[in-house]
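Let me begin by presenting the structure, written as structure tokens, before commenting on it.
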Amino acid sequence: MADAPTSLWRAAVRPRMLGLLVLLLAAAAVCGRLGAWQLERAEVRGHAAEERRAEQIAAAEPVPLDEVLRPGESVTGEMVARKVVVTGTWEPEGTLLVEGRAHDGVTEGALVLTPLRVGGAGDVAAGDALLPVVRGWTPGAEPVPDPPAGPVTVVGWLQGGEEAGAAVVDGRTDAISPAQLVHTWGSPVYTGYLVVQSLDPADPADLELLDPPTRAGTGLNVQNLAYAAQWWIFGLFAVGLWWRLVRDEAAGRPPVPGDEDDEGPGPGGDGTPVDGAAGDGTPGARLPGDDAPADDAPGDDAPATADAGRVARAR
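Offset between the sequence shown (1-based) and my numbering: plus 233.
Listed below in structure tokens is the structure:
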């Protein structure tokens with residue numbers, strides 16, 4: 234027998250729907266925990282991969298800067314963290330402190346940024362581009378010693394320039410922006426900057442060297458991230474399935490063959506027609522109490538028919 238339609242609330246609080254809710258919520262909780270575990274695995278595996286990549290970058294052989302980046306060219310993602318070597322001369326009067334930079338868990342500090350005139354001391358042509366070089370990180374605001382005079386060989390990692398920040402004031406800024414540096418230094422500037430790994434001759438300033446730059450999107454394992462997303466989707470599907478079942482329950486269940494309250498195929502409920510027919514078109518016996526006699530019951534009509542036949546022959 235079909236269930237009558239009802240409200241969503243009444244359908245939701247029926248015992249069988251509450252039991253399904255508990256079961257599906259448990260399944261969703263398991264899916265959520267598995268997704269969180271996959272996210273943890275993504276962080277662990279991504280961190281390990283990043284460490285291996287940093288080791289490879291640090292151990293790589295440097296290539297000349299002009300083979301990777303020239304003045305006026307943009308820094309692409311493939312160029313980030315490329316180890317290069319370049320020779321030039323420092324211009325210490327252009328040194329800037331890039332404030333608000335963290336290092337090794339210390340949030341208060343600054344990068345020491347000094348322009349390097351690429352090309353050497355004796356053959357520098359007017360208009361040569363300046364390469365911004367991050368010499369290191371300092372935690373205090375004390376004056377930083379100038380780099381050594383004369384030609385210097387710098388080995389470091391390339392990084393793309395940043396968006397413009399606050400204006401340069403008293404030798405301090407908050408961004409390494411080539412557009413701002415052009416106005417500050419008064420010469421063409423490379424679109425990227427260099428993070429020092431080593432200097433020859435060495436820098437007299439007691440600065441902490443930075444780690445190799447990283448590309449955006451690194452640090453997480455993509456495969457484990459996909460697994461985590463799949464588990465969370467499965468959990469949402471379990472909750473959505475229960476809500477769909479509640480809606481079907483509220484709409485009413487259609488009659489199911491074999492229900493105890495279903496009637497039989499015939500009008501009488503047991504397949505037998507009410508008028509006594511056998512169900513295949515053959516007339517059946519009359520029920521007791523019928524007024525008319527059955528067609529095949531013996532009666533007075535048979536003798537009358539015989540007498541009529543004898544009269545006809547006598548004539």
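Note that beta-carbon positions come from the ideal geometry of N, C-alpha and C, so glycine has one too.
Item: What is the rounded straight-line gap between the Cα of Gly-373 and the Cα of Gly-389?; Value: 24 angstroms
Item: Who are the Cβ neighbours of Thr-320 in its own chain at under 8 angstroms, not counting the five residues just before and after it?; Value: Val-351, Gly-352, Gly-353, Pro-384, Val-385, Thr-386 and Val-387
Item: Out of Arg-477, Pro-446, Thr-239 and Asp-403, state which residue places its alpha-carbon closest to the alpha-carbon of Glu-311.; Value: Pro-446
Item: Going by DSSP, name the residue or residues bridged to Val-255.; Value: Val-255 pairs with nothing; no bridge assigned.
Item: Are the Cβ atoms of Leu-330 and Pro-348 separated by less than 8 angstroms?; Value: no
Item: Go through its chain and collect everything with a Cβ distance to Asp-361's Cβ below 7 angstroms, but skip five positions before and after it.; Value: Arg-350, Val-351 and Gly-352
Item: According to DSSP, is Glu-441 part of a helix, a strand, or is it coil?; Value: strand
Item: Using a Cβ-Cβ cut-off of 7 angstroms (strictly less than) and excluding sequence neighbours within five positions of Thr-538, which residues of its own chain qualify?; Value: Note that Thr-538 has pLDDT 44, beneath the 50 cutoff, so the model's placement of it is unreliable and no number is given.
Item: Could you spell out where the beta strand (DSSP E) holding Thr-347 opens and where it closes?; Value: 343-351
Item: If we ignore side chains and look at the alpha-carbon of each, how far apart do Leu-272 and His-336 end up?; Value: 26 angstroms
Item: With a cut-off of 8 angstroms, do at least 3 Cβ pairs link the region 427-446 to the region 236-253?; Value: no
Item: Compute the Euclidean distance between the alpha carbons of Leu-254 and Gly-265, then round it to the nearest angstrom.; Value: 16 angstroms
Item: Tell me, to the nearest whole angstrom, how far the beta carbon of Leu-346 is from that of Val-367; I am working on the premise that it is less than 8 angstroms.; Value: 6 angstroms
Item: Rounding to the nearest angstrom, what Cα-Cα distance links Ala-397 and Leu-256 in this structure?; Value: 55 angstroms
Item: In whole angstroms, what is the alpha-carbon distance linking Pro-516 and Ala-237?; Value: Below a pLDDT of 50, predicted positions are generally treated as unreliable, and Pro-516, at 48, falls in that range; the measurement from the model is reported next regardless. For Pro-516 and Ala-237, the distance between alpha carbons rounds to 41 angstroms.
Item: Any beta carbon of chain C sitting closer than 8 angstroms to that of Pro-297?; Value: The question asks about chain C, but that chain is absent: this structure has only one protein chain.
Item: Within this structure, are the beta carbons of Asp-379 and Pro-325 separated by less than 8 angstroms?; Value: yes
Item: Out of Ala-260, Ala-261 and Gly-305, state which residue places its alpha-carbon closest to the alpha-carbon of Pro-421.; Value: Gly-305
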